[in-house]
Every structure is written in C-alpha cells, then in structure tokens.
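Trainee: Residue numbers (this note's numbering), protein chains in the order written: chain V, 724 to 971; chain C, 53 to 719; chain R, 139 to 358.
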Amino acid sequence: MKLTLKIWRQENANAKGKMVTYPIDGVEGDMSFLEMLDVLNEDLINKGEEPVEFDHDCREGICGACSLQINGEPHGPDKLVTTCQLHMRSFKDGDTIVIEPFRAKAFPVVKDLIVDRGAFDRIQQAGGYVSVNTSGNTIDANSIPVNKHDADDSFAAATCIGCGACVAACKNASAMLFTSAKVSQYALLPQGQVEATERVQNMVRQMDLEGFGNCSNTGACEIECPKGISLENIARMNREYMSATSKG
Amino acid sequence: MSVLESKIPEGPLKDKWTKHKNDINLVNPANKRNIDVIVIGTGLAGGSAAATLAELGYNVKTFCYQDSPRRAHSIAAQGGINASKNYQGDGDSDYRLFYDTVKGGDYRSREANVYRLAEVSGNIIDQCVAQGVPFAREYGGLLDNRSFGGVLVSRTFYAKGQTGQQLLLGAYSAMNRQINRGKIQSFNRHEMMDLVLVDGKARGIIARNMVTGEIERHSAHAVVLASGGYGNVFFLSTNAMGSNVMAAWRAHRRGAYFANPCYTQIHPTCIPVSGEHQSKLTLMSESLRNDGRIWVPKKKEDAIAIREGKKKPTELSEEERDYYLERRYPAFGNLVPRDVASRAAKERCDAGFGVNKTGEAVFLDFASAIKRYGKEAAFSSGNKNASEAEIIKLGKEVVEAKYGNLFQMYQKIVDQNPYETPMMIYPAVHYTMGGLWVDYNLQTTIPGCYAAGEANFSDHGANRLGASALMQGLADGYFVLPYTIGDYLSKDIRTGKIPTDSPEFDAAEKDVKDKISKLMNASGKHSVDYYHKKLGKIMWNKCGMARNAQGLQEALDEIKELREDFWANVKVPGAAEGKNAELEKAGRVADFLELGELFAKDALHRNESCGGHFREEYQTEEGEALRDDENFKYVAAWEYKGNPRDAQLHKEELDFKNIELKTRSYK
Amino acid sequence: MGGLIKSSVAKKFAMALSGLFLVLFLAQHFTINFTSVIAPDTFNELSHFMGTNFLVQAVLQPVLIFGVCFHFIMGFVLEIHNRKARAISYVKYNGSANSSWMSRNMIYSGAVILAFLALHFYDFWVPELVHKYVQSHPEDPTRYYEETIAKFESPVRTGLYVISFIFLMLHLLHGFASSFQSVGWNNKYSKGIQGFTKAFAIIIPLGFIFIAVFHYINNL
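1) Answer with buried or exposed for Asn493(C), where buried requires no fewer than 16 other C-beta atoms within 10 angstroms of its C-beta.
2) Nearest to Ala503(C) by alpha carbon, out of Asp417(C), Thr321(C), Thr94(C), Pro61(C)?
3) Does the beta carbon of His125(C) come closer than 8 angstroms to any beta carbon on chain V?
4) Of all the residues that make up the region 739 to 750 of chain V, which are near chain R by a beta-carbon distance shorter than 9 angstroms?
5) Name the residue from Asn925(V), Asn937(V), Tyr852(V), His810(V) whose alpha carbon lies nearest to the alpha carbon of Ala967(V).
6) Mind pulling the alpha helix (DSSP H) runs of 4 or more residues that sit fully within the region 142 to 224 of chain R?
7) If you follow the beta strand (DSSP E) that Ala689(C) is in, where does it begin and where does it stop?
8) Where are the beta strand (DSSP E) runs, 3 residues long or more, that stay fully inside the region 866 to 954 of chain V, in chain order?
9) In terms of alpha-carbon separation, which member of Met811(V), Gly787(V), Glu796(V), Ala736(V) lies closest to Leu760(V)?
10) Grab me the residues of Asn175(C)'s own chain with a C-beta within less than 7 angstroms of its C-beta, minus the 5 sequence neighbours each way, in chain order.
11) Does the beta carbon of Gln908(V) come closer than 8 angstroms to any beta carbon on chain R?
12) So the candidates are Lys352(C), Pro470(C), Arg341(C), Glu360(C); which of them puts its Cα closest to the Cα of Glu378(C)?
13) Answer yes or no: does any C-beta atom of chain V fall closer than 8 angstroms to that of Leu216(R)?
14) Kindly indicate the opening and closing residues of the alpha helix (DSSP H) around His319(C).
15) When you compare the CB positions of Ile170(R) and Leu193(R), do they come within less than 8 angstroms of one another, or not?
16) Does Arg189(C) get closer than 8 angstroms to chain V when you measure Cβ to Cβ?
17) Do Ile550(C) and Arg255(C) have their beta-carbon atoms positioned less than 8 angstroms apart in this structure?
18) To which residues does DSSP link Trp347(C) through a beta bridge?
19) Between Arg373(C) and the rest of its own chain, which residues show a CB-CB distance below 6 angstroms, the 5 nearest in sequence each way excluded?
20) For Trp731(V), write down the residues that DSSP places opposite it in a beta bridge.
21) Could you run through the region 313 to 332 of chain C and flag, in chain order, every residue whose CB is less than 8 angstroms away from some CB of chain V?
22) Residues in the region 755 to 782 of chain V with C-beta within 9 angstroms of chain R's C-beta atoms, listed in sequence order?
23) Interface residues of chain V around Ser542(C) at Cβ under 7 angstroms?
24) Using only CA atoms, which one of Leu160(R), Leu311(R), His209(R) lies nearest to Trp239(R)?
25) Under 8 angstroms between beta-carbons, which chain V residues line up against Thr104(C)? List them in chain order, please.
26) List, in order along the chain, the chain V residues whose C-beta lies closer than 7 angstroms to that of Met244(R)?
27) For Ala888(V), return the contacting residues in chain R, with the cut-off set at a CB-CB distance below 9 angstroms.
28) To which residues does DSSP link Glu705(C) through a beta bridge?
29) Are any of the Cβ atoms in chain V nearer than 8 angstroms to that of Met475(C)?
30) Output needed in chain order: residues of the region 865 to 891 of chain V with a Cβ under 7 angstroms from some Cβ in chain C.
31) Cβ closer than 7 angstroms: which chain C residues qualify as neighbours of Thr861(V)?
32) Once DSSP output is grouped into helix, strand and coil, what is the label at Ser238(C)?
33) Can you check DSSP and say which residues form a bridge with Ser271(C)?
34) Got a sec: which bits of the region 400 to 421 of chain C sit with their beta carbon under 9 angstroms from any beta carbon on chain V, in order along the chain?
35) DSSP three-state call for Gly140(R): helix, strand or coil?
36) Is the CB-CB distance between Leu488(C) and Ala507(C) below 8 angstroms?
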C-alpha cells in the first residue's frame, strides 16, 4: 500500500509547528498504525532526518498513552480502538492520512504529536480516590456487598484509560466524559459515598481550572471513546454535582 | 564466594512475618517528616509503595518514564489476582497458596518470602475493595473468583479482562491522594539514569527529564526500585514498548547483585507474530484456558493444508484433532502452568504441526465451551430441548460476557472472528522471574537500595503462576516494603537532608552525561531498533523457550560483538537537549545488550532444567524438565565486574523446610 | 451572566433549565397561535387575556424575557469559552463521524432564532406596546386576529418566518433532548423521552410554518 501522510511537526512546546507531507510505501494491512509510523521513522532516521515523535507504550490498547487525531478523528476511523490497535487494513492504497496531535488548550503540545495530558492527573488528584489508608487494617472484602449491576456499571466507568480522546473529539474540548467516569465509578459504590459531595465539587473545580470547554451534549466523546464510556456518566455527574451543590 | 545474607527471621514459617514486624525498628511520625524516599516506577509495586510510604509520613518522590503514573505496564495485566481468601470454600488456605507458588516456581524460590506473600494476599483484596476497585461480583453482591493455571482451587479475583488496570488505578488513586496532600512529588517523563552511592549507601539518583533533556540530581535516604522486568531484551514481548531494565541494571553496575536472569516466563497464549514489522506481541489472558481447548491437527497433512489455507480448522472432526495438553496432562489438562503449556506448543510446532503461515501457532478453541455454556443457559432459562442453533447463540452470549473484550481485541488484530473459528496462539516472552537480588526485607546488596515487584527476584522461583504478579507487586508495595524500610531508615533520623552537591553526585552525573554524548556521537550507521531487533533474535533463538550449551555459548559471543558494534555505530538523530525518543531507546538498548550477555551466562551455568529455564540437555524421556536439586538448589546472584561475562557468582542456598521437593507433575 | 454561575456543570444545568422553560413557552405560544387557524374568536379571547391579565403581564412576561435573555447571553458566553478551549484548531476535523450537525451548530441555529426574534418583536411586540402604552385606544378584544393575519400578506416576511422555523427545528432537535441529559436525566426512560423530544422538535416548528403559510395563502 502506498500512502501520503500529512503530519504535524513541532520542535517543542514553544516552537511554531506546521504540517509536513511524507509519502510512504510498502505499508501492509497487518501493520498497526503505530507500526506504520515506525516504518516511516526508520526511513527518516536512515535519511538523516528527525523521526516523528508520538506517545505510545503498551500497544495493546490499555495504557492510554497513544493518541493522534487521524483524519479528523481521535484514534482514527475505527470505533472502540486506540491508535495502537488500529490496523492499516482500515485504509486503502493511495489514501492521504492527516495526523495531528490531540488539540486542546489544556493539552499543550510537547513535541510533534505528543501532548501534555497532565491536566487529567490533576483532576484525579483533586478527588479521584477513596480516602482510606493503605495500611491493610481494613475490613474483610466481602463485608461490603455491592449490587452486581452497580458493580458492573462502576467497572464500566472505571475502564477509562485516560487517553484524552473525549477531549480531542469534542468540539468544545470538554473533559466531562473523563471526569464523570471517575466520579461515577465511586458514586456507584458504597465505598465512595462518604466523600461524594466533596469529590464531585473538587474534581469539577479542577476540570474548570484546567481550561477545558463546556459540554454541549454532542455525544462525540462517547462515540470516539476507545473504551465506550457512556454519556450516562456525564448525566450522573451533573446530578451528583447539583445535589452536592444544594447540600452546600 | 560469599554467602548472601537473606535475613530470614527465625521461627516457624507461619510466624516469621508477624515476629519480624514486631522485632524491627520503627521511625516515629515526627522523624518520618525528615526522611526522603525515592521510588522508581509507578506500577503496582512502585505506586502502592509510594502511596503507603507517603501515608506513613515520609517525603516521597516518584519517577516514571510515562507521561502519567497511571500508564505503568501493570495496567496491561488481564486475568486476575490470587488471594487465599477461600471464599469459594474449596479448601484454599495460605499454606496451599504458598505450596502452589513454590511448586509452580519449580522449587527455586525462597520459602519465607512466598509464605509471607500468601499470608498478606487476602489483605490485598480487602485493601483494594476499600479503595473502590470494582472487582467482578456475583448476584449476591459478593466477590467472584475464577481459576488459573497450575492450581486446583478458584482463588483468582478479577475485573473482567482488565484486572491489572483496575488495581493499578487503585494504587494510582492512593498516590493521587498523597500528591494532593503534598506528600508525593511525582516526576513524570523522567528516567532514572544512575544510582548515586554515598559511603556505600544508596543516597539518590541521576534522572533525565525526557521533555527538556535536563540531567537532574535527586537525593534521598533510600531508593526503591520498582521498575519492572526486562522481557524487552527479546525485542518482541508482551511488555510495553518502553519497559526497560535501565534502573535495575544501573543499580547492578553500582553493586546490586542480579539474581537468576535466565528465569524468563514465556506465556503460552499470545497472538502469533504476523510479520517483520511487528513491534510487540499481544497477550490473550490465561483465563481463556479456563474454557478454551488447545489443539493441533493429528495428521501433518491436515496441518499443512490448514497452513496453506486449503482446509479450515472447523472442518476437522474431533478424531482428527490432537488436544495435546489434555492428552499429556490429564489431571490439569489445558490449565497446566505456563512454562509447561508453552513448551508443549513449541514441541508440536517444531514437529511440524503448527497451524499458521509461519508454522508457529496452535489453536485455542471455544466451540465446546460455547456448546456447554449454551446448554446450561438454555436449561436454566427453562428451554429443556433447545435446538443446536439456539444453544450456540446462547453459548456465544455467555462467552462474550466472560471474555468479550479479549475476543474483540483478537478480532481487531488478526481480522478473524474467534466466535466462529478457533483462535491461533503462540508463546511469547511475558515476565521475568529473575531480577535484583533482595533479602527478606527486599533490600538489595546495596544498603538503602530496595527492589519491589517484578524488578526483584524473590517470589516466583523459576516460573510464575498466573495472577501472582499482581499479588506480589501489591504485597511488596502495600504491606512489606513500608515496614521493612523503616528498620533501615530508623538509623537515618539524624542524618538530615542529603546534599546533591557532593563529589559522588558530580561523578555520577558526569558518567551519565558522558554516556549520552557517546551515544549521540557514534558513527551513525544503524538505528537503535536495528540493534534491538538483532539482539532479540539472538535471545529468542538461543536463550528462548529451549536452550542448550552450544547455543548459549554462541549467544554470549554474538551479544558481545553486537554490543561493541552498537557503541561504535549506532545512530541517534536529533539533540540530547529536549524530547528525543531515539536517545531514550538507545540508552535502554545499551543496557539490554549487557543484560543479555549475563542472561546467557546464567543460563549456561545452570546445568539443569527448571520452570521457565529449559535446557535441552536436561530433560526426561517424556520431554519434561529435569531438575538437579543436588547441585542447583540455589539462587544465582551475580556481582558486576565490568564485562557481563566476568560477573561473579554468589549462591544463596535454598532451604526447603516446609515443603518436600518433588518432581513437578501435572499429569 | 457567565460570571454569576461559576462552574461548568452549573452553567450547563442553567442552560438546560432555561431551554426547557422556553420549550414550554413555545408549546403555549403554538397552542394559542393554532387557534387562529381554526377559531379566530378563541384566538382573540386568548390573546386579549394574555395581553391584559395582570399575572401574565407583570410576572410571567418578565420571567420569560429573563429566560430568553439568559439563554441567549449564556449561549454566547459558553461559545466564546468553548472556542478558547481549543486555541489551535484542527487542520482536519471530521465532526460528522461522531456527532450530528445540529449539535455542533447550536450557536448558528440560535443566532438565526435571535435574529428572528428581533423581527418578531418588531412585527408584533413593538406595535403592541405602542398600541397599549404610547397611543391611547379604547380596549378592543377583537383586534388581534385581523392584526395578525395582516402581517402575513408579505411573501418576504412569510418566507423569513418559514426559514426561521426550520432553524428552530434544528435547534430543538438537539437542544430539547440535550437538556434532559444536562439536568442529569439519563436512564431507562431516556429513549422514550428522546422520541418525544424529536417529535416535538419537528411538529411544533412545522405547525408554526403551517400557520404562517395558511394565513399567507388566505391573504392571496
């Protein structure tokens, strides 16, 4: 397969970036998208040029490191996959592929296609936990029964990999899906109830401070989320937030 | 040869840990505020250790090469975590978990450590549930379990196929709580480049800020290495692309002994290699072996026909299939330990029965599970004489509920529907049991330098059982290290802050900078990946699932040659100042090129087969591993002496007082 | 107004509530207008009641005006903030792959509705105020019908009304359903609500179009 790649190149956070076009040949359908970029990079290195930098690590769709806006969609055209699990068989010979970093004011570019998603960490730090000591002096696990449906919903929310596709897809660069997934995970479990009021308020406050946009319910985040995190979580967070606010 | 001091407490096995905790020194809370601890790696071991140490009151600095602590590779663990809770009432106990682990490790682990692991395993589950980790539950609201390879009870707790993710996010959340309190400073996109010793004690690190390229000095009263395993020495493995041995290896170069490097786990159920461009291998959880049956065709003609695409696996009748694990190991069947399952697959493929284009794959078939579950589902929903089609439909639903995400992942990668046609799998490098030698307190041979999780060697012997890595990481981090490190730090309450302007820091920083400039200024013939792939080929072919003296000898020389070529001719584009992925890789591959040689040396010296270490010269007539307890019942801890091949061997004899050494049998 | 409500979630909640309130108003407005097609006398009665009742004039009308203003101003405030949240825009953005045109262009459909409101006020509200408070006329409870249908003599005005109602439809197609999500109402009944909101979003503007065109044709 022969392709034309248009890739955002930017030396560092302060430099001005631009799109650069690279032709690439010999791409096979069995390659993952990142393996295709490996081939490009090997070629660039051999030609004495600087390879394209992109975030990636586990390459099995769970660490959330890989990102990339591919032809205008986070993680490319396939649904429920991360870029590392996107295979080149989803493209055809002669295609032009536009590759950009995830764009948001809260995700500044570090280099080329790498962005800084530290804002997500800070949202979690603001309250994405249950305040129990890790000393081991806890009560027996089975003394806290949890309704299976709640446990399953909580798990579904907790599968968020923090990749930032929701922000990248949203026309407003909103981080509501990410934040609400964590709020929901705890809101659905008895362990999370004690701090529920403070948690949602603190996390939303931090989210707003980071400069993410507002939610206008376009639903793009849910569609593009590689883990299929549901919009129900955002509704739940809104409920939790308003009820927390009314409690003061 | 010196005798390694393992510091195992006296007394009966089951009282050792309690007694030890009662005996060791503590640091009072006010003094903890004056003590700094560095933690390298933020996976299950590092994340949980950092959170607990910070909670106790120490000032903690964490370092990870990822952009967030949440991305450590523990996140990719799928199947589950073991604990001897005996919630299923199937006769489980601390002793049984201990026994299974020691036996599974082919009697090459330290009894006291393993027993402690079993002892705290239940507490891990309590801890995680309290933290809000959403484990799978039964309809009654209580925790569900499943079974894993190498054991006869159901003791594995899980969260679908994402247990590692959920546990890691639990540890990450505990870390976040401490970051929010200001007790942890988290340095992301930072790589530890060297360990700094002052007066023979670990007193800090040199780290590279991967965004700015700055070389930084960080001091502490103790350094915890929880940097994971070294499976990426094989280039292709199930490890993350960035997983590396740098932290452990630099500590080794500074005096920490490296134990049992040749003990590598080759996981039996991975997606086979598809082509030259493959960058990593993907694991299919071992939990699939609960329901999947592994087979190859009985007749070579059929195997060839399938390879050439002339026949479909579904066309073969039951009689034409060889369920070789069930045939060879009737008691454990498809649930034999990983090393046994991997070797059996290799044996069949080497004999010409492989089923994919390259001849290196076997089938993992869910057809009978689908039927069995379908029948159950139809029966319990009142449909006593369901049709075949209805049964299969219901069965697929059950299988989807259990393994849906794994099946989906398989389909994405291989482009085949595993509900319709059997999966193809092949063994791949997955975990490394070897690592930095540690005593009972998890301290390496460098005072003040600790190793936890996969980075140390201690608990899994020569082979790790499924769902035990998560258990060990969290046990070390939450429950062991925070206690034992206090004993050491209690002597440091008057030390005060460690200065970073000492000659030791100067020297270490200079070493690091020199090394970087050497890499940047090599002749520039070949890319880093070129060398990494070559190293991987040598390792896989000569130090892989089956090894022999001749191959290992060759590997020793080839790796040395490759390393010399690397330092002379590697090409690292760009600048050292700023983000440079190639420079990062170069530093890691440089260390793999040294570790690989030590690996081969260790494998060559161990004239026996045990667990993941299989020497072709030492096998029974039936092709099973042949252990030599008389001569090799020890931990091989290697001391760095310049060239890896010159490393000096130190033996820690293993003493089995509570368990009888037997030939491992899963028949 | 954005400054009054600090958090993004609260803003969204307020946006949804004001939107829902306007939807209610729309339903009421439509009901009265529709009587102009079937029963001019009823239309006159209702219009007179709305125009002279103290409660409607002194309480509901200011609330409505506030609701309208709030919804519009907040809409623009949020839009400005949202645009700032992505400082550098994508070279290629394939929004249609994951969201509806309506949901992505609420600001434009909203702006058209705002422009329409200006026209609508100029047509009806301003003359009404002039009639009631500037000039002095004897009370005439039968004047409304004639005045209304007279407006639809102009094909240009009728055309503008029709176009505006189409944008109203687009705005409602996303906005009505979306407000339930915003107030946290997403559960097993949501599918039913979705259906209802979609039907409402199509039928009400179509009804308004029908009324306008009906009077235009009758005027021919």
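Note that beta-carbon positions come from the ideal geometry of N, C-alpha and C, so glycine has one too.
Mentor: In short, the structure shows the following:
1) The residue given as residue 493(C) occupies position 441 in the second sequence. Burial call: buried.
2) The sequence position of residue 503(C) within the second sequence is 451, counting from 1. Taking each of Asp417(C), Thr321(C), Thr94(C), Pro61(C) in turn and checking the Cα distance to Ala503(C), the smallest one comes out for Thr94(C).
3) Taking the first residue of the second sequence as position 1, residue 125(C) is located at position 73. Chain V, which has a Cβ nearer than 8 angstroms to the Cβ of His125(C), makes this yes.
4) The residues in question are Gly740, Met742.
5) As a first step, residue 967(V) must be located in the first sequence, where it is residue number 244. Closest option to Ala967(V), Cα to Cα, is Asn925(V).
6) Look at the region 142 to 224 of chain R and you find these whole runs of alpha helix (DSSP H), each 4 residues long or longer: 146 to 176, 178 to 190, 199 to 222.
7) In the second sequence, the residue the question calls residue 689(C) occupies position 637. Taken as a continuous stretch (DSSP letters only), the beta strand (DSSP E) holding Ala689(C) covers 686 to 691.
8) The beta strand (DSSP E) runs lying completely inside the region 866 to 954 of chain V and spanning 3 residues or more number zero.
9) Position 37 of the first sequence, counted from the start, is the residue given in the question as residue 760(V). Nearest C-alpha to Leu760(V) among Met811(V), Gly787(V), Glu796(V), Ala736(V): Met811(V).
10) In the second sequence, the residue the question calls residue 175(C) occupies position 123. These residues qualify, in order along the chain: Phe531.
11) On the first sequence, residue 908(V) is found 185 positions in, with the first residue counted as 1. By this cut-off, Gln908(V) is not an interface position.
12) What you label residue 378(C) is simply residue 326 of the second sequence in a count that begins at 1. Comparing Cα positions, the closest option is Arg341(C).
13) Within the third sequence, numbered from 1, the residue matching residue 216(R) stands at position 78. Taking a beta-carbon distance threshold of 8 angstroms, Leu216(R) counts as an interface residue toward chain V.
14) Taking the first residue of the second sequence as position 1, residue 319(C) is located at position 267. In the DSSP assignment, His319(C) falls outside any alpha helix (DSSP H) and within the unbroken beta strand (DSSP E) covering 316 to 322.
15) For the purposes of this step, residue 170(R) is taken as the residue at position 32 of the third sequence. For the purposes of this step, residue 193(R) is taken as the residue at position 55 of the third sequence. No. Outside cutoff.
16) Against the second sequence, residue 189(C) aligns to sequence position 137. At a cut-off of 8 angstroms, the C-beta of Arg189(C) has a neighbouring C-beta in chain V.
17) Counting from one through the second sequence, the residue named residue 255(C) turns up at place 203. Counting from one through the second sequence, the residue named residue 550(C) turns up at place 498. Between Arg255(C) and Ile550(C), the C-beta gap is smaller than 8 angstroms, which places the two residues in contact.
18) Within the second sequence, the letter at position 295 stands for residue 347(C). The partner list for Trp347(C) (beta bridge, DSSP) reads Phe415(C).
19) Stepping through the second sequence from its first residue, residue 373(C) is reached at position 321. Contacts found: Trp347.
20) Position 8 of the first sequence, counted from the first residue, corresponds to residue 731(V). Assignment of beta-bridge partners to Trp731(V) by DSSP yields Met742(V).
21) Those would be Ser326, Gly327, His329, Gln330, Ser331, Lys332, in chain order.
22) So the list is empty, because no residue satisfies the distance condition.
23) Locating residue 542(C) in the second sequence gives position 490, where the first residue counts as 1. The premise fails here: Ser542(C) is roughly 18 angstroms from chain V at the closest Cβ pair, so nothing lies under 7 angstroms.
24) Residue mapping note: residue 239(R) aligns to position 101 of the third sequence, counting from 1. Among Leu160(R), Leu311(R), His209(R), the Cα nearest to that of Trp239(R) belongs to Leu311(R).
25) Residue numbering aside, residue 104(C) sits at position 52 when the second sequence is read from its first letter. For Thr104(C), the residues of chain V that pass the 8 angstroms Cβ criterion are Thr857, Ser858, in the order they occur in the chain.
26) Residue 244(R) sits at position 106 when you count from the first residue of the third sequence. Within 7 angstroms Cβ-Cβ: Ser939.
27) For the purposes of this step, residue 888(V) is taken as the residue at position 165 of the first sequence. Here the premise fails: no neighbours, minimum Cβ distance about 10 angstroms.
28) Translated into positions along the second sequence, residue 705(C) becomes position 653. Looking at the DSSP assignment, Glu705(C) forms a beta bridge with Tyr686(C).
29) Looking up residue 475(C) in the second sequence gives position 423. Output row for Met475(C): interface = no.
30) Cβ contacts with chain C come from Asn865, Ile867, Pro868, Val869, Asn870, Lys871, Ala874, Ser877, Phe878, Ala881, Thr882, Gly885.
31) In the first sequence, counting from the first residue as 1, residue 861(V) sits at position 138. At a beta-carbon threshold of 7 angstroms, the residues of chain C lying near Thr861(V) are Asp178, Gln179, Ala182, ordered along the chain.
32) Looking up residue 238(C) in the second sequence gives position 186. DSSP places Ser238(C) in strand when its eight states are reduced to three.
33) Against the second sequence, residue 271(C) aligns to sequence position 219. Residue pairing by DSSP places Ser271(C) opposite Gly256(C) in a beta bridge.
34) For the region 400 to 421 of chain C, the set of residues with a beta-carbon nearer than 9 angstroms to any beta-carbon of chain V is empty.
35) Along the third sequence, read from residue 1 onward, the residue named residue 140(R) stands at position 2. Note that Gly140(R) scores 46 on pLDDT, short of 50, meaning its location in the model is unreliable and no value can be drawn from it.
36) To locate residue 488(C), count along the second sequence from 1; it is residue 436. To locate residue 507(C), count along the second sequence from 1; it is residue 455. A contact, by the Cβ cut-off of 8 angstroms.
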